[in-house]
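Asker: 10 is the number of the first residue of the sequence shown in the working numbering; add one for each residue after it.
Backbone N, C-alpha and C fix where the C-beta goes; we use that ideal spot for every residue, glycine too.
If you're wondering where the values come from, they're calculated on a predicted model, not measured in any experiment.
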Amino acid sequence: MITLFLSLGIPLKGNPAPNHSPSFMEERAEDNSLKGEDFAFTDREFEYAKRESIYFMSRFNDGWLFITTLFHIENNLLNKWAIYTLIVEPDGTSHWVDHKIKPSDVKFEKDHLFISDGANTIKGRGGFYSIEYRMRDFSCNLNFKNILAPWKAGDGTEYLDKEGKIFEKRVVVSPWSEVSGYIKFNNRVLPVKGQGFGEKSLIVNPLTKIQPYMHSLKVFSSEDIPLDQRWYINLLDYFSHPEYDSKHLGRLFIGHKGQLVLNTSEYRLEVSDFIKDDNIPYEYPRSVSLFVSGEGYILEGEFKSEVLFNFTDVLKKIPFLLRPIVLLFVDRPIYFRSIGEFRGRIIGPDSEITPLLLSGSYEYVVVK
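(1) Within the same chain, show all residues whose beta-carbon is closer than 6 Å to that of Gly303, passing over the 5 residues directly before and after it, in chain order.
(2) What are the uninterrupted segments assigned as beta strand (DSSP E) that are 3 or more residues long and contained completely in the stretch 44 to 83, given in chain order?
(3) Based on DSSP bridge pairs, tell me the residues matched to Lys202.
(4) Which residues in the same chain as Phe318 place their Cβ atom closer than 7 Å to its Cβ, once the five residues preceding and following it in sequence are excluded?
(5) Of all the CB atoms in chain D, is at least one closer than 7 Å to the CB of Leu74?
(6) Smallest Cα separation from Leu74: which of Tyr191, Glu46, Val376 and Pro364?
(7) Report the option in Phe283, Gly305 and Phe320 whose CA atom is closest to the CA atom of Lys313.
(8) Let's test the definition: count the other Cβ atoms within 10 Å of the Cβ of Ser368 and tell me whether it reaches 16, buried, or not, exposed.
(9) Going by beta-carbon coordinates alone, are Phe300 and Glu309 separated by less than 7 Å?
(10) In the DSSP assignment, what are the bridge partners of Leu95?
(11) Measure the CB-CB distance between Gly165 and Lys174 and report whether it falls below 7 Å.
(12) At the level of alpha carbons, what is the spacing between Ile212 and Phe80?
(13) Give me the Cα-Cα distance between Thr77 and Asp237, rounded to the nearest whole angstrom.
(14) My guess is that Ala58 and Asn243 are in contact by the Cβ rule of under 8 Å, so how many angstroms apart are they, rounded?
(15) Indicate whether Phe50 and Ile124 have their beta-carbon atoms separated by less than 7 Å.
(16) Tell me whether Tyr276 sits in a helix, a strand or coil according to DSSP, three-state version.
(17) At the level of alpha carbons, what is the spacing between Thr363 and Leu278?
(18) In chain order, what residues of the same chain have a beta carbon less than 7 Å from the beta carbon of Ser249, not counting five sequence neighbours either side?
(19) Using the Cα positions of Arg48 and Asp233, report the straight-line distance between them to the nearest angstrom.
Below, the structure written as structure tokens:
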């Protein structure tokens, strides 16, 4: 259970963020070369805790969500492999699936993305990826066909200390993709047709110094709209731990007509309309406002959460008497996940104004 909340995402900054200055995330995909090993898991050992994962999500069938992460956490005390999956219905009803993996069952390649425990496999290369899960109460076979090419910023690595022992490495393996296949759960077989995203990450740092806040937003045009008319916005906003100078590591990119039209870390982000539900002891924002200008485009708009479909405080799942001990070794992130709509407009290089109505998911994480 300790390892679960360390794997659910990276906690990031939740207060209003002013105009962010450029960072390593800003460089374009075509400026960098990717190797097969960039997509693969590693068996390297590090001085600090290693958190390595492959994450995929999809918005499909005009309102459903699929979110999954296969992750590995390793330090002197832990060697944990697991998969978590969320299936979310259009009304916000969510279904959570946990699957523990025996370390001895894990097989992975070192020159491309392939990782499996024999029954559950994520693999791919050349802009095509597949997820095949066969669990007791859940199975799926999903294909992600890239619309945008994979990319990484710079060499993909951001060092947070002078010695180079604490770092993050991110590769956007599937920036924007068409998703097809099926999901089976609760005696239902659900055909899937939608859009998606995937990212491979490797984070090495002390587990007591994870990032304090996060905002993650992924919104899409409807699948009913032809691809050459669709828009897609992807935001990941966070700062490093204060001990590592609270460095901004966020990114925002926009896809249109099957192309990456803007990729930057220079934008304005504001969150507001904080609320605390009766059954949740912490407040969370329901409004995310964005403004960005670059490469001939100007985007402005607001995402409004409609339904909170998941709240996770994994510390609550740990026996009460053990919680003080656990907090000596790890930070405590709180997760809020919601679905909603982004409304705004984008002005193109030709000064044409296009209204935007996009739908998708928002994740807010705060460390308590």
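Answerer: For this structure:
(1) Contacts found: Leu271 and Thr273.
(2) Runs of the beta strand (DSSP E) inside the stretch 44 to 83: 59 to 69 and 73 to 83.
(3) Answer is Ser189, bridged to Lys202.
(4) Its chain contains Val97, Gly101, Ser103, Arg346, Ser347 and Ile348 as the residues whose beta carbon lies nearer than 7 Å to that of Phe318, once the 5 sequence neighbours on both sides are disregarded; these appear in chain order.
(5) Going by chain labels, chain D is absent from the structure shown, which holds only one protein chain.
(6) Proximity to Leu74 across Tyr191, Glu46, Val376 and Pro364 peaks at Tyr191, based on C-alpha coordinates.
(7) Among Phe283, Gly305 and Phe320, the Cα nearest to that of Lys313 belongs to Phe283.
(8) By the neighbour-count rule (16 or more Cβ atoms within 10 Å), Ser368 is buried.
(9) Glu309 sits close to Phe300, with the two beta carbons spaced by under 7 Å.
(10) When DSSP reads this structure, Leu95 sits in a beta bridge with Ile76 and Trp105.
(11) One thing to note: Gly165 has its Cβ no nearer than 7 Å to the Cβ of Lys174.
(12) So the two alpha carbons sit approximately 11 Å from each other.
(13) C-alpha separation (whole angstroms): 28 Å.
(14) About 27 Å separates the CB atoms of Ala58 and Asn243; that is not less than 8 Å, and the two are not in contact.
(15) Yes, Cβ-Cβ distance for Phe50 and Ile124 is below 7 Å.
(16) Coil, per DSSP.
(17) CA-to-CA, the gap between Thr363 and Leu278 works out to about 21 Å.
(18) Closer than 7 Å at the Cβ level, and outside the excluded window around Ser249, lie Leu169, Gln220, Ser255, Lys256 and Leu258.
(19) The amino acid at residue 48 is misidentified as Arg; the sequence shows Phe. Going from the Cα of Phe48 to the Cα of Asp233 covers about 31 Å.
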